[in-house]
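Trainee: Sharing a structure below in structure tokens format, with a few things to ask.
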Amino acid sequence: MATTAPDISLTPSAAARVAAIAAKQGKLAILRLSVDGGGCSGFQYRFGFADAVDGNDTVAERDGVRLVVDSVSLDLVRGASVDYVESLGGAAFRVENPQAASGCGCGSSFAV
């Protein structure tokens with residue numbers, strides 16, 4: 133059974149961007165965040181759209197958009213916030229992870 137808890141959050145700008153992409157692609161507004169081994173700092177974040185919420189997922193919801201994280205990845209991102217940032221360098225989802233001891237310049241990988 134999926135859990136709804138304050139273990140992870142989605143900012144309003146990230147929720148708005150997910151909703152816009154999902155509407156354009158005809159998908160459900162469910163963004164999956166997972167953590168894989170690799171990247172220049174040891175772990176890397178992966179984002180993708182999900183078709184459903186799995187039983188072991190933790191779910192954060194904002195403005196009708198759901199952010200889902202599996203139980204293994206949650207241990208590495210607990211307390212994090214997912215934001216969507218636009219700058220001169222481009223636009224991207226960014227994870228503000230309090231558990232990350234260090235990260236890389238691109239912001240897509242981290243170490244604990």
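Add 132 to a position in the sequence shown, counting from 1, and you land on the number used in the numbering used here.
Just so it is clear, CB atoms sit at the ideal spot from N, CA and C, and this is done for glycine as well.
Spell out a yes or no on whether the segment 152-164 and the segment 175-194 are touching, meaning 3 or more CB-CB pairs, one atom from each, closer than 8 Å.
Mentor: yes
Trainee: For V204, count neighbouring C-beta atoms within 10 Å of its own C-beta (all shown protein chains included) and say buried if the count is 16 or more, exposed if not.
Mentor: exposed
Trainee: Just verifying my parser: in three-state terms, what is the DSSP assignment at D202?
Mentor: coil
Trainee: Is V197 helix, strand or coil when you go by DSSP?
Mentor: strand
Trainee: Please classify A192 as buried or exposed, where buried requires at least 16 neighbouring CB atoms within 10 angstroms.
Mentor: Only buried fits A192, as 16 or more other CB atoms lie within 10 angstroms of its CB.
Trainee: Determine, using beta carbons only, whether Y177 and V217 come nearer to each other than 8 Å.
Mentor: Result no, Cβ atoms of Y177 and V217 do not sit closer than 8 Å.
Trainee: Can you tell me where the alpha helix (DSSP H) holding A146 begins and where it ends?
Mentor: 144-157
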